[in-house]
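Have a look at the structure below, then the notes.
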Amino acid sequence: MNFQTTIEKPEADLNAEMIVKGTWRTKTFKGYNFNALGIPPDRGHLHPLLKVREQFRQIFLEMGFEEMPTNNYVESSFWCFDTLFVPQKHPARDLQDTFYLSDPAECKDIPRDYMERIRSVHENGGNCGSIGYQYEWKESEARKNVLRTHTTAVSARMLYHAAQQYKRSGSDKFRPIKLFSIDRVFRNETLDATHLAEFNQIEGVVADRNLTLGHLMGMTKAFFEKLGIHDIRFKPTYNPYTEPSMEMYSWHSGLGKWVEIGNSGLFRPEMLKPMELPDDINVLGWGLSLERPTMIKYGISNIRDLVGHKIDLQMVYDNPVCILEPRQQQNQTKNLETTSS
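One gets the working numbering by counting positions in the sequence shown from 1 and adding 70 to each.
Here is the structure:
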C-alpha cells in the first residue's frame, strides 16, 4: 500500500505531453461517466408563436377541418371588405386603420358578374330582402389593393369558389365545408403592450344546410374545450358581415374577471347570396388572435417581448414545447403528481 500525505487529483484527459514523457504511467484518471449529459449542440429553435400555432392547427385537424391557403398577404378591397358587406365609408377602410398599396395600387382580376351582384347588395340590398346601405358603390374603391386586415377575406374566396363548384355540378347535394386558417394580418393600429401593426389571426368556418346559432355555440364550445377552456359566455355584438354576432368570453381566474377570447357569428345573406350559395346554406364563423393565448401560456405581458426587434433570443431557446392540455388531462396530471409525492 502506497502512503501519501497529499491527495492526488485524478486527470480528466490524456494529453500529448503525458504520452511523450511517459508520465501517464504514474497518473490516475477519472472514470468515464456514461450517464452525464453532454453539451447541447447549437441548433434552430421554434418560436413560441409557432409552437402554439401548431397546437391550434392540430385541434382543427382533429375536428375534421381543412386548412385554407393563406399565402396572399395583398388583397383587393373587394375581397377584404366589399364581399363581406363592409360599406365603402366604413371607418375600418380609412388610411388610419388600413395599409393601402401604392404599387400595384389596383387589382385587375375580379369576377365581373360577382362584382355587379356585390354592387347591387351594397346599393339597394339586391335580392337579400334588405335595403342595403343606400349609397353609390364605386368600383374604383373596390379595386384598391391593401394588406389584408383579416383572414376572413380568404374565407370569402373559398366560399365563393365552393358556390361556383356547386353551381357547375348541377346537383342539389351540397358537400358540407369545414375550413380553418392561421396566418398574418395587418392593421394600422397604435403600437402598445398588447397591439402590433402585424399579428396572426385564427379563424374557423363551417358551411352546411340549416345551421343555427345553437350549432355555432356548440362548435365554439367544443373548440375551446380542447384548449382546456370550459367556462364560456356569449355576448351579442355587431359585425358588418355576421348577424347574429357574438363575442366570446372566458373566466380568467388570475384576473378574477371575464375576458374576451374571440368573436363569432353567422354570415349575413348579403354576403352569401351574391356568391350564389343555396338559400338554405348557412355559414358559421369565429376567430381569435394567436398572440393573446401565446402570451398567457408563456407569461408574457408585453407583446413586443414576443414579436419584433426587442425579442430576447434566449427566451426562444429556453422555452419548452407548448402543450395546451384540456382541463381533464390537467387534473389527471395533478392527481398523478400528488400520488407520487
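Cβ coordinates follow ideal geometry from the N, Cα and C atoms, glycine included.
Kindly indicate which three-state DSSP category residue i falls into: helix, strand or coil?
i       : result
Asn-405 : Summary for Asn-405: the model assigns pLDDT 43, below 50, so the residue's position carries little reliability; its value from the coordinates is reported in the next sentence. Asn-405 falls in the helix class under three-state DSSP.
Ala-226 : helix
Arg-279 : strand
Val-144 : strand
His-285 : helix
Phe-293 : helix
Lys-343 : helix
Glu-259 : coil
Asn-309 : strand
Tyr-205 : coil
Met-365 : helix
Gln-384 : helix
Applying the criterion that 16 or more other CB atoms from any shown protein chain within 10 Å of the CB defines a buried residue, is residue i buried or exposed?
i       : result
Ser-172 : exposed
Gln-398 : Because Gln-398 sits at a pLDDT of 48, beneath the cut-off of 50, its placement in the model cannot be relied upon, and the point is left open.
Asp-382 : exposed
Ser-210 : exposed
Gly-229 : Correcting the residue type first, residue 229 is Leu in the shown sequence and not Gly. Burial call: buried.
Less than 8 Å between C-beta atoms, sequence neighbours within five positions excluded: which residues of the same chain meet that for residue i?
i       : result
Ala-82  : Phe-99, Lys-100
Asp-56  : The chain is shown from 71 up to 411; residue 56 falls before or after that span and cannot be answered.
Arg-213 : Ser-146, Ser-147, Phe-148, Glu-176, Cys-177, Lys-178, Ile-180
Ala-292 : Met-133
Using only CA atoms, which one of the options lies nearest to residue i?
i       : options                            : result
Leu-249 : Ile-89, Trp-356, Leu-297, His-379  : Trp-356
Ser-251 : Phe-244, Gln-128, Met-385          : Gln-128
Tyr-236 : Leu-347, Ile-373, Gly-199          : Leu-347
Pro-174 : Leu-119, Glu-78, Ser-146           : Ser-146
Phe-155 : Val-386, Thr-222, Leu-286, Asp-253 : Thr-222
Phe-244 : Arg-213, Met-287, Arg-279          : Arg-279
Tyr-143 : Phe-135, Gly-326, Thr-75, Asp-253  : Asp-253
Gln-204 : Tyr-170, His-192, Cys-198          : His-192
Pro-80  : Ile-89, Trp-94, Asp-167            : Trp-94
Asp-375 : Thr-75, Thr-96, Pro-118            : Pro-118
Phe-130 : Lys-305, Ser-371, Thr-290, Pro-310 : Thr-290
To which residues of the same chain is residue i closer than 6 Å at the C-beta, ignoring the five residues directly before and after it?
i       : result
Arg-189 : Trp-207
Val-275 : Ser-225, Leu-249, Gly-355
Leu-281 : Asn-352, Leu-354
In chain order, what residues of the same chain lie with their CB nearer than 7 Å to the CB of residue i, ignoring the 5 residues before and after it?
i       : result
Glu-407 : For Glu-407, the predicted structure reports a pLDDT of 38, less than 50, and the residue's modelled location is therefore unreliable. A value from the coordinates is still provided. Nothing listed; no residue qualifies.
Check whether the region 358-370 touches the region 336-344, taking contact to mean three or more Cβ pairs, one atom from each stretch, closer than 8 Å. Verdict: no, contact absent.
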